[in-house]
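Here's the structure, in C-alpha cells; my notes come after.
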Amino acid sequence: MPENSANLSLPFILPAQAQKHVTHNEALQRLDAVVQLVIEEFDATLPPASVEEGQVWALGASPSGLWVDQGGRLALWQSGAWVFVTPGAGWRAARGSDLRVWNGTDWVAPDLPELNNLDGLGVNASYDSVNRLAVSSPASLLTHDGEGHNLKINKAAVAETASLVFQTAWSGRAEMGTAGSDAFAIKVSPNGSDWTTAFEIDPVSARPTLFQGAQLDGPLTGMATTQSATDTTIGRVPVLRQSAGGSGIFGLGAVLAPPELDDLDATTSPSGFYRVSAETFNSANRPASTSDMAHLILTRHDAVSGGRQFFGSSIQSDWWHRLHKDGDWQPWRKLYDSGNILGDVGIDSDNTPTGAIIDRGDNTNGEYIRFADGTQICCQMLSSDAAAKVVWDFPVQFAAVPCVTGMAVVTGDPFVSAPQVVTYGEIATDAVSFAVTQTDTASKVTTPVHHIAIGRWW
253 MPENSANLSL PFILPAQAQK HVTHNEALQR LDAVVQLVIE EFDATLPPAS
303 VEEGQVWALG ASPSGLWVDQ GGRLALWQSG AWVFVTPGAG WRAARGSDLR
353 VWNGTDWVAP DLPELNNLDG LGVNASYDSV NRLAVSSPAS LLTHDGEGHN
403 LKINKAAVAE TASLVFQTAW SGRAEMGTAG SDAFAIKVSP NGSDWTTAFE
453 IDPVSARPTL FQGAQLDGPL TGMATTQSAT DTTIGRVPVL RQSAGGSGIF
503 GLGAVLAPPE LDDLDATTSP SGFYRVSAET FNSANRPAST SDMAHLILTR
553 HDAVSGGRQF FGSSIQSDWW HRLHKDGDWQ PWRKLYDSGN ILGDVGIDSD
603 NTPTGAIIDR GDNTNGEYIR FADGTQICCQ MLSSDAAAKV VWDFPVQFAA
653 VPCVTGMAVV TGDPFVSAPQ VVTYGEIATD AVSFAVTQTD TASKVTTPVH
703 HIAIGRWW
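Positions in the sequence shown are counted from 1; adding 252 to them yields the working numbering.
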C-alpha cells in the first residue's frame with residue numbers, strides 16, 4: 253500500500269502506526285490548502301516578510317531565498333514552516349477574479365467555450381428565433397477599442413429593411429433607416445400599424461424632403477443657413493437672426509440696426525435692408541432728411557441690367573426711389589400711396605412733384621383741378637351783355653397764359669335752340685385773369701357763358 257494518495261499526495265495512516273493523529277492532521281492541512289485553492293500571488297519569486305497560517309503562493313520558474321529550487325510548485329505556510337506541493341495538470345487556482353489552470357508547466361487562463369455561431373444570447377433576458385440577441389438593462393454601451401466605433405445594420409437587398417425601431421409597450425412609434433428602399437427616412441406611428449413618413453433623404457442627390465404635415469419647431473442653425481443679414485450664398489436657407497451686424501432675412505425684421513451703407517452709389521452691395529446716415533443720403537441728389545439714421549431698402553441687380561433703390565426716412569412719411577440704368581443712377585423720385593392721391597399738389601426746387609396727385613377746389617372765381625404733372629383746369633359761369641366786357645379772375649393762377657374757351661348756355665329744347673357761339677374781340681389775357689369784348693353786335697350773347705381755361709400750374 254502506498255504512503256500517499258495519488259492526486260493530492262495526502263499521507264495515509266499505516267497499520268500499527270504510532271501517533272496516527274499526526275499523519276491524519278497533516279492530510280487535513282494539505283486538503284485545507286489545495287482544495288478550493290486560493291493564491292496570494294502567481295509567479296511569486298521571493299518569500300514575503302510576513303505570512304499567515306494557510307496562505308499559498310504559486311511559485312515562478314526561479315524563486316529565491318527559502319523558495320530556491322522550488323520553481324513551479326505551491327508554497328504553503330503550515331505550522332510555522334514552508335511546505336511545498338507539486339500541482340497536478342488541471343488544478344485550478346484563483347486570486348480574486350483571476351482564475352487560472354495549471355497546464356503542467358505554467359498557470360494559464362482557462363479555455364473559454366466557443367462563442368462563434370451561437371444560437372442566441374440573452375443578457376438578463378431570453379433570446380428567440382427573431383431576436384437572437386436580447387439585452388435587458390437600464391442602458392447599453394458600445395465604445396471604441398482604439399479610435400472610433402461603427403454600428404452597422406446590413407440588409408440583403410434594396411427592397412429589404414435596415415432600421416432602428418422605437419417602441420412603447422412593444423408597439424412601434426418611430427422608425428429611422430432604409431425601409432423598402434435605399435432612401436434614409438424617419439417615420440412615426442400613433443399605434444404601431446399606421447406609419448407616416450416625415451423626412452426622407454434621396455440616396456442619389458442627397459436632397460432632403462419634408463413631407464406634408466412635417467414641422468420644424470425651433471431655430472435653424474449651422475453653415476446651411478444664412479450667416480448674416482447680407483449673406484447671399486447659393487443654397488443656404490434664409491433665417492431670421494439677431495446680431496450686432498443686423499437681423500432678419502437679408503436685413504428684414506431687424507431688431508438691432510441693419511448694416512450701414514457708406515456709399516449709396518456703390519454697385520457691389522447685395523440686395524437687402526441697410527441704414528444710411530442723413531448726411532450720406534442728403535448728398536445723393538435729393539431733399540435733405542432730418543433723420544440722423546435714415547433707412548434704405550436696397551434692391552439691386554447689377555450695373556449692366558439695372559437695379560432700384562427705395563428710401564424711407566425713420567421719422568418722415570415720404571418714400572423715394574431711383575433706377576440704375578444705362579450705367580448710371582437716375583434722379584430720386586418721390587413715391588405716392590393711396591393715402592395721398594387727393595390733396596395739396598406741390599413741387600420742389602427741382603420741379604419734382606410733392607404731395608398728392610390731384611388737387612381740386614373752388615372759390616368765388618370758380619372751380620379748379622390741379623394734377624401732379626403740371627396740368628391745371630379752371631372753369632366759371634359768367635354773365636354777358638351787349639356793352640360790358642367779360643372779365644374773369646382765375647380761381648388759381650396759371651404759370652403761363654392758358655387756353656380759354658366759352659360756350660353760351662342753352663335753355664329749352666336743344667333741337668329748337670341751338671348753342672350760340674361766342675365771338676371774342678379785344679382779348680386781353682394773362683396768367684391771372686381773362687377779359688374780352690364781343691365784337692359782333694348782331695350776335696352778341698346776353699345769356700350766361702360757361703368759360704374753361706386749360707394750362708399749366710408749373
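In this text, a Cβ means the ideal position worked out from N, Cα and C, and glycines have one as well.
Here I291 is buried, its C-beta having at least 16 other C-beta atoms within 10 Å. Within the region 311-395, the beta strand (DSSP E) runs of at least 3 residues that lie entirely inside it are, in chain order, 326-330, 333-337, 344-347, 350-354, 373-375, 385-387. Cβ contact annotation for G613 (same chain, cutoff 8 Å, sequence separation greater than five): E619, Y620, P647, V648, in chain order. Runs of the beta strand (DSSP E) spanning 3 or more residues and lying entirely within the region 430-480 occur at 436-440, 448-453, 460-462, in chain order. With respect to H703, L634 sits close: the two C-beta atoms are nearer than 8 Å. Apart from the 5 residues on each side of it in sequence, R325 sits with its Cβ closer than 8 Å to the Cβ of L311, F336, V337, T338, P339 in its chain, given in chain order.
In the DSSP annotation of this structure, the continuous segment of the beta strand (DSSP E) that includes G613 starts and ends at 610-615. Around the C-beta of P654, 16 or more other C-beta atoms lie within 10 Å, and the residue is accordingly described as buried.
Of the candidates Q628, W584, P299, the residue whose Cα lies closest to the Cα of Q322 is P299. One thing to note: A345 has its Cβ no nearer than 8 Å to the Cβ of N355. By a beta-carbon distance limit of 8 Å, R425 contacts F418. Their separation comes to about 6 Å. Counting only the Cα atoms, V353 lies some 16 Å from A296. Less than 8 Å divides the Cβ of D611 from the Cβ of D596.
Checking the DSSP bridge columns, you'll see E427 partnered with V417, K439.
Under the Cβ criterion (8 Å, minimum of three pairs), the region 428-448 counts as touching the region 398-410.
Looking at S388, D371, S685, the one whose alpha-carbon comes closest to that of V382 is D371. Taking a 10 Å sphere around the C-beta of G317, we find fewer than 16 other C-beta atoms and assign the residue as exposed. With 16 or more other Cβ atoms inside 10 Å of its own Cβ, R622 counts as buried.
The C-beta distance from N603 to D645 rounds to 26 Å, too long to fall under 8 Å, and the pair is not in contact.
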